[in-house]
Amino acid sequence: MNPVARTVLQRLGLGLVTLFIVSIIIFSAIAMLPGDFARAMLGQSATPETVAAFQREIGIDRPPVERYFVWVGQMLHGDFGSSFASRTGYRRTVAEIIAPRLYNTMFLASMTALIAVPLALGLGILAALYRNGWFDRLVNAVTLTTISFPEFFVAYMLAYLVISRDTFIGSEFAQSLPHWLALSLNWILNAVPKFPTLSNVNDQTPFWEHVWRVALPAITLTLVIVAHMMRMTRAAIINMLASPYIDMARLKGMSPMAIVLRHALPNAWAPIVTVVAFNLAYLVVGVVVVEVVFVYPGIGQLMVDAVKSRDVPVVQACALIFAATYILLNLTADVISIATNPRLLHPR
Amino acid sequence: MTSYEPIAQVPRLRRSRATRAKTALKKAPFSAWFGLLVILGYVIVAVFAHWIAPYGETQVFSEAFAPWSQQFKLGTDQLGRDMLTRLIYGARNTIGIAVATTLLSFAVGVSLGLLAALYRGWLDQILSRAVDVLMSIPSLIFALVLLSIFGSSITSLIIIIALLDSTRVFRLARAVGLNVAVMEYVEVARLRGEGPKWIVAKEILPNVMPPLVAEFGLRFCFVFLTIAALSFLGVGIQPPTADWGSMVRENATLITYGDVTPLLPAGAIALLTVSVNFVVDWFLHATSGLRDER
């Protein structure tokens, strides 16, 4: 068997095992619920019959192994069970709650990826090309700062910037400044596009309107993830530039840009792809906070609301989706770096 | 010819720990100084919160969302509590909880990691595989699942985040521990019949200290940001405890009116993280023997 294929298959198998164990952990969440949970959910006035019915509904009366396989089986058919928010005669399935929100989250994540990945690669290549120059230092300083800020700080700063476009000139701070300074600051602020600071969308929202409304969340997430990707791209390319074949290309008289694009970049793909996938996986976490800031109806906000109301089936479904995405993205990164780097095939 | 002075009697000058720290500080770059001063400021505010704050932590005044004034330097929040006071107490609560969590995470992670490095075999296998699985779920998501089960109280918050974070500490402690555990002096101690507690405390721990201290700073930042994010989402530190993450969320509506106040707690979080990063950067540079080629 081809050694590349074997390593890839091994890695895929390991990924499946991880996914299996993770699903068991998330499943056992419901088994770890405190005993009086049913009473706490239904309120003090609940009769013992209602409590028993609720316990039967969430299946505490059956053995856990059986419940696990029923749960996984249903999950594979797209049935995530019903939410604790459903009442008699009004069943709210987790699937119907999640489906539209999953689309929204995917929309935001793909839009962020479409902006962030080319931007990070471009900045990284330029920084490697003009390394130790002012451009490199500027980009480094800015990205280092954004990387150590909490997401909600970046998000609210952006929202504040957009809002102060209208409120700045009337504020006390502007009046305490010299008139010309206030006017020119106002002029700069007016160049900021008037992005919506609340990303309320529904399934009737037209496509471009949707893009416009998620602009701020997408920019926030971009700022958060670009730093890491850009620094890795820069480091990988600079590492490659020390190789003899680059010296050869230089002696041939190739331009620096052509050297980076034709010789350094193709060999630097493996670490770059790994870090890109890793950061897209990080989006999974970042999306939760950013959705809450901009009140965007995505799966992250749903999960936070479900945690607050302790709606465990919804939390489980969201967690499983997040965890599966995370594992799959990391798996993809590993597979790509194995496939593009023959050196990994000979560990010794 | 005069008689010889015995050289051996000249007392050998050995710099004490304090003087060594002083020379290191003198050579520290500006960013490290800045970071140290900021951290010192935060610690002073946190420790003396009770004396610095103008009002009580949960003292409520009649006017909610009051603007900045003489009486309320930074205005009041959504229930009419003084913002400045809440910020000062927030330093104590947010930083205190983050420090407690990081300490617990290190106690668990370092002891298990060093034990795994010392014994290897099945203990190492079990712990490492368990850590692999735990790390395959994003920790914020895992924390959300656990919080939905156990409910949000400060104790469960500290334990959950510390356990999730100790996986990363475990990996580092095991990796550096493995390098030291194969040294001859550890072998000698083992042959001498010392117990595992003694070997870990006296032979291994002093030799793995620098990377662990640097990691402590980084883990603190991470834990601090995670707790702030959870509190911001409303599932972390619960009211009426003053805390920066929840302060941002509760007063976020003010931003719509162009008021900068809700950004202050978020800025306080950001400033502390940046400062700790600066100091860790310098510490790593100073202890790892890396020198700038200049």
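Chain order of the listed sequences is Y and S. Okay, so the first sequence: first residue is 1 according to the working numbering, each after it adds one. Okay, so the second sequence: first residue is 1001 according to the working numbering, each after it adds one. Every residue gets a Cβ at the ideal spot worked out from N, C-alpha and C, and that includes glycine. Quantities reported herein were computed from a predicted structural model and do not represent experimental measurements.
Q) Looking at the structure shown, is residue 234 of chain Y part of a helix, part of a strand, or coil, going by DSSP? A) Helix.
(Q) With a threshold of 9 Å between beta-carbons, can residue 167 of chain Y be considered close to chain S, or not? (A) Yes, residue 167 of chain Y counts as interfacial toward chain S.
Q) Candidates S/1238, S/1081 and S/1055: which alpha carbon is nearest residue 1066 of chain S's? A) Considering only S/1238, S/1081 and S/1055, the residue with the shortest C-alpha distance to residue 1066 of chain S is S/1081.
Q) Which residues in chain Y sit within 8 Å of residue 1256 of chain S, going by Cβ to Cβ distance? A) The contacting residues are 163 and 197.
Q) At least one CB of chain S closer than 9 Å to the CB of residue 26 of chain Y: is that the case? A) Interface residue, yes.
Q. If you count every other CB in all the chains shown that lies within 10 Å of the CB of residue 1169 of chain S, and 16 or more means buried, which is it?
A. Classification of residue 1169 of chain S: buried, given that the 10 Å Cβ count is 16 or more.
Q. Where does the unbroken alpha helix (DSSP H) through residue 1079 of chain S begin, and where does it stop?
A. Unbroken run through residue 1079 of chain S: none, as it is neither H nor E.
Q | Runs of beta strand (DSSP E) wholly within the region 132-183 of chain Y (minimum 3 residues, chain order) | A | Counting only runs of 3 or more, we get nothing.
Q | Residue(s) in a DSSP beta bridge with residue 7 of chain Y | A | Note: residue 7 of chain Y sits in no beta bridge, so no partner.
Q.
Considering Cα atoms alone, identify which of S/1144, S/1180 and S/1047 is closest to residue 289 of chain Y.
A. Nearest option by C-alpha distance: S/1144.
(Q) Three Cβ pairs or more, each shorter than 8 Å: is that satisfied between the region 103-122 of chain Y and the region 272-288 of chain Y? (A) Three or more beta-carbon pairs drawn from the region 103-122 of chain Y and the region 272-288 of chain Y are found closer than 8 Å, and the two stretches are therefore classed as touching.
Q. So, using beta-carbon positions, are residue 1272 of chain S and residue 1039 of chain S closer together than 9 Å?
A. Going by C-beta atoms, residue 1272 of chain S is nearer than 9 Å to residue 1039 of chain S.
Q: Give the secondary structure of residue 368 of chain Y by DSSP, where H, G and I count as helix, E and B as strand, and everything else as coil.
A: The structure shown does not extend to residue 368 of chain Y, since chain Y is modelled only from 1 to 348, so the question has no answer here.
Q. Residue range of the alpha helix (DSSP H) that residue 329 of chain Y falls in?
A. Residue 329 of chain Y -> alpha helix (DSSP H) spans 312-340.
Q) Is any beta-carbon of chain Y found at less than 9 Å from that of residue 1043 of chain S? A) Chain Y, which has no Cβ nearer than 9 Å to the Cβ of residue 1043 of chain S, makes this no.
Q: Could you tell me the boundaries of the alpha helix (DSSP H) in which residue 1040 of chain S lies?
A: In the DSSP annotation of this structure, the continuous segment of the alpha helix (DSSP H) that includes residue 1040 of chain S starts and ends at 1030-1047.
Q. Comparing the C-beta of residue 193 of chain Y with each C-beta of chain S, is any distance below 9 Å?
A. For residue 193 of chain Y, the closest Cβ of chain S is not nearer than 9 Å.
Q | Contact with chain Y by residue 1215 of chain S, beta-carbon distance below 9 Å | A | Output row for residue 1215 of chain S: interface = no.
Q. Interface residues of chain Y around residue 1211 of chain S at Cβ under 9 Å?
A. Within chain Y, no residue comes near residue 1211 of chain S; the closest Cβ sits about 20 Å away, beyond 9 Å.
**Q.** Reference residue 1198 of chain S; option with closest CA among S/1115, S/1069, S/1124 and S/1151
**A.** With distances taken between Cα atoms, residue 1198 of chain S lies closest to S/1115.
(Q) With three or more beta-carbon pairs closer than 8 Å as the criterion, would you say the region 197-217 of chain Y touches the region 287-301 of chain Y? (A) With three or more CB-CB distances shorter than 8 Å, the region 197-217 of chain Y counts as touching the region 287-301 of chain Y.
Q.
Going by C-alpha to C-alpha distance, which of S/1260, S/1166, S/1026 and S/1244 sits closest to residue 1295 of chain S?
A. In the structure as shown, chain S begins at 1001 and stops at 1294. Residue 1295 of chain S is therefore absent and cannot be evaluated.
(Q) Once the 5 residues before and after residue 1078 of chain S are set aside, which same chain residues still bring their CB inside 7 Å of it? (A) The beta carbon of residue 1078 of chain S sits closer than 7 Å to the beta carbons of 1064, 1065, 1250 and 1251 from its chain, once the five residues preceding and following it are set aside; these are given in chain order.
Q) For residue 1145 of chain S, which three-state DSSP category applies? A) Helix, per DSSP.
Q: May I ask you to list, following chain order, the residues of the region 1272-1288 of chain S that have a beta carbon less than 8 Å from some beta carbon of chain Y?
A: Under the 8 Å Cβ criterion, the region 1272-1288 of chain S contributes 1273, 1274 and 1277.
**Q.** Buried versus exposed call for residue 160 of chain Y [16 or more other C-beta atoms within 10 Å across all chains shown]
**A.** A residue is called buried once 16 or more other Cβ atoms fall within 10 Å of its Cβ, and residue 160 of chain Y is buried on that count.
**Q.** CB-CB length for residue 108 of chain Y against residue 286 of chain Y, believed under 8 Å
**A.** Rounded to whole angstroms, the Cβ separation of residue 108 of chain Y and residue 286 of chain Y is 10 Å, and the two are not in contact under 8 Å.
Q.
For the region 1237-1254 of chain S, list every residue whose C-beta sits within 9 Å of some C-beta in chain Y, in sequence order.
A. Listed in chain order, the positions of the region 1237-1254 of chain S with a beta carbon within less than 9 Å of a beta carbon of chain Y are 1245, 1248, 1249 and 1252.
Q) Using the C-alpha atoms, what's the distance from residue 336 of chain Y back to residue 256 of chain Y? A) Each residue's alpha carbon lies about 28 Å from the other.
Q) If we call anything under 9 Å between Cβ atoms a contact, is residue 81 of chain Y one with residue 266 of chain Y? A) No, these two residues do not count as a Cβ contact at 9 Å.
**Q.** Beta carbon of residue 124 of chain Y nearer than 9 Å to that of residue 225 of chain Y
**A.** Cβ atoms of residue 124 of chain Y and residue 225 of chain Y: not closer than 9 Å.
(Q) If distances are taken between C-alpha atoms only, which option among Y/22, Y/50 and Y/179 comes closest to residue 316 of chain Y? (A) Among Y/22, Y/50 and Y/179, the Cα nearest to that of residue 316 of chain Y belongs to Y/22.
Q.
Which of the three DSSP states is assigned to residue 1099 of chain S in this structure?
A. Reduced to three states, the DSSP call for residue 1099 of chain S is helix.
**Q.** Local conformation of residue 117 of chain Y per DSSP, three classes
**A.** Correct three-state label for residue 117 of chain Y: helix.
(Q) Helix, strand or coil for residue 18 of chain Y? Go by DSSP, reduced to three states. (A) Residue 18 of chain Y: helix per DSSP, three-state reduction.
Q | At least three beta-carbon pairs within less than 8 Å, the region 1172-1188 of chain S to the region 1196-1210 of chain S | A | The region 1172-1188 of chain S and the region 1196-1210 of chain S touch, with no fewer than 3 CB-CB distances between them shorter than 8 Å.
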